[in-house]
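A.B. asks: There's a structure below that I have some questions on.
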Amino acid sequence: MAGFSGFARVAREVSRDVLAARDRDPAARGVSRAEILATWPGIHALLAYRVSHAMFESGVPLLPRLIAMLTRTFTGIEIHPAAEIGHGLFIDHGTGVVIGETAEIGDNVTLYQGVTLGGTGFQTGKRHPTVQDNVTIGSGAKLLGPITIGHGAKIGANSVVITDVPPNSTVVGNPGHPVRVDGRRPEGPDVDWIHLPDPIAEALQALSGRIATLERLVAELSDEPQPVAEVRPLRTVRGPNPAGG
Ligand SMILES: CC(C)(COP(=O)(O)OP(=O)(O)OC[C@H]1O[C@@H](n2cnc3c(N)ncnc32)[C@H](O)[C@@H]1OP(=O)(O)O)[C@@H](O)C(=O)NCCC(=O)NCCS
Numbered sequence: 287m288a289g290f291s292g293f294a295r296v297a298r299e300v301s302r303d304v305l306a307a308r309d310r311d312p313a314a315r316g317v318s319r320a321e322i323l324a325t326w327p328g329i330h331a332l333l334a335y336r337v338s339h340a341m342f343e344s345g346v347p348l349l350p351r352l353i354a355m356l357t358r359t360f361t362g363i364e365i366h367p368a369a370e371i372g373h374g375l376f377i378d379h380g381t382g383v384v385i386g387e388t389a390e391i392g393d394n395v396t397l398y399q400g401v402t403l404g405g406t407g408f409q410t411g412k413r414h415p416t417v418q419d420n421v422t423i424g425s426g427a428k429l430l431g432p433i434t435i436g437h438g439a440k441i442g443a444n445s446v447v448i449t450d451v452p453p454n455s456t457v458v459g460n461p462g463h464p465v466r467v468d469g470r471r472p473e474g475p476d477v478d479w480i481h482l483p484d485p486i487a488e489a490l491q492a493l494s495g496r497i498a499t500l501e502r503l504v505a506e507l508s509d510e511p512q513p514v515a516e517v518r519p520l521r522t523v524r525g526p527n528p529a530g531g
């Protein structure tokens, strides 16, 4: 970290991170920059990362990893000092976020808690995702391998993404599939990745029907009145979009 210029660079970067939190966190409305700097764990993690990254680039031994380890203890956010992160990253809540050594993140990216930018195994070299500008990654999403997340993409909460994601698309599910590209549903057969069949619910529904039939037959054959079990209908899986709003 080359003296004053290094310090000035880190200060500039952190200032843009604070602005990103203020602009993109609804909970930050009316909160001063100083308060965000003092109390937002995502900002603490980024401040520590910006310092440790500058040290790492200057070849300082041990200290960058030590800072990363301590920051993880306090914030629950783990960012490898070698990761490349652009301007205006916003990490909301933060706990459980892991950003691996060869991950690259562009400008104005938003990550929610529990996001992993990780590798798929024990390979070396480039093994973590590249996330382009203006991407949003929902809570709990796992992005694994040296994949590219195209600019402006949205990754749904709890998705598991192991292939490249086209720009300006929305990807959900495990494995993650595009459900919107440029705001439109992808066309073609078999593209409904959201309303998947639920084999357990279907099996229970079939069993309930057969039990009801048996109860009716037993009641018809018996002189004694038979108690009839109450079978509640299963909730339909279709309906209004639960992710809406
Ligand atoms: C994916 C997301 C960003 C919405 O993106 P969008 O482009 O506006 O997408 P839409 O809301 O139009 O949803 C597209 C489809 O994906 C489905 N969908 C959305 N998010 C989903 C998810 N996480 N998992 C599964 N399906 C999802 C929607 O139901 C919708 O289905 P439809 O095609 O039947 O209508 C949003 O749903 C999400 O997951 N945000 C993360 C927010 C978060 O982590 N918050 C934590 C705050 S503490």
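For the sequence shown, my numbering assigns the number 287 to the initial residue and increments by one for each residue that follows. Using N, Cα and C, we set each Cβ at its ideal position, and we do this for glycine too. These numbers come from a predicted model, not from an experiment.
1. With DSSP run on the structure shown, which of helix, strand or coil describes L352?
2. Under 6 Å Cβ to Cβ from G374, same chain only, skipping five residues before and after it: list those, please.
3. At a threshold of 7 Å, does N444 count as lining ligand 2 (C-beta to nearest heavy atom)?
4. Within a Cβ cutoff of 7 Å, which residues of the same chain sit near A389, ignoring the five residues on either side of it in sequence?
5. Kindly indicate the opening and closing residues of the alpha helix (DSSP H) around P327.
6. Does the count of Cβ pairs from the region 351-364 and the region 314-321 closer than 8 Å reach three?
7. Measuring straight from C-alpha to C-alpha, what distance separates G292 and A331?
8. For I480 versus V457, is the C-beta spacing smaller than 8 Å?
9. By a C-beta neighbour count over all protein chains shown, 10 Å radius and 16 as the cutoff for buried, is P312 buried or exposed?
10. Apply the 10 Å Cβ neighbour rule to E299 and answer buried if 16 or more other Cβ atoms are within range, or exposed otherwise.
11. Quick one: give me the first and last residue of the alpha helix (DSSP H) that P485 is part of.
12. Go ahead and pull the three-state DSSP assignment for S301.
13. Just to confirm, are G438 and V421 a CB contact at a threshold of 8 Å?
14. Taking 7 Å as the cut-off, does the CB of R471 come closer than this to any heavy atom belonging to ligand 1?
C.D. replies: Let me lay it out:
1. In this structure, DSSP gives L352 a helical state, which the three-state scheme calls helix.
2. Contacts found: R302, A306, D393 and N394.
3. Among the ligands present in this structure, namely ligand 1, ligand 2 is not found.
4. A369, L403, H414 and P415
5. P327 to E343
6. no
7. 18 Å
8. In this structure, V457 does not lie closer than 8 Å to I480 by Cβ.
9. exposed
10. buried
11. Counting along the chain, the alpha helix (DSSP H) containing P485 begins and ends at P485 to L507.
12. helix
13. yes
14. yes
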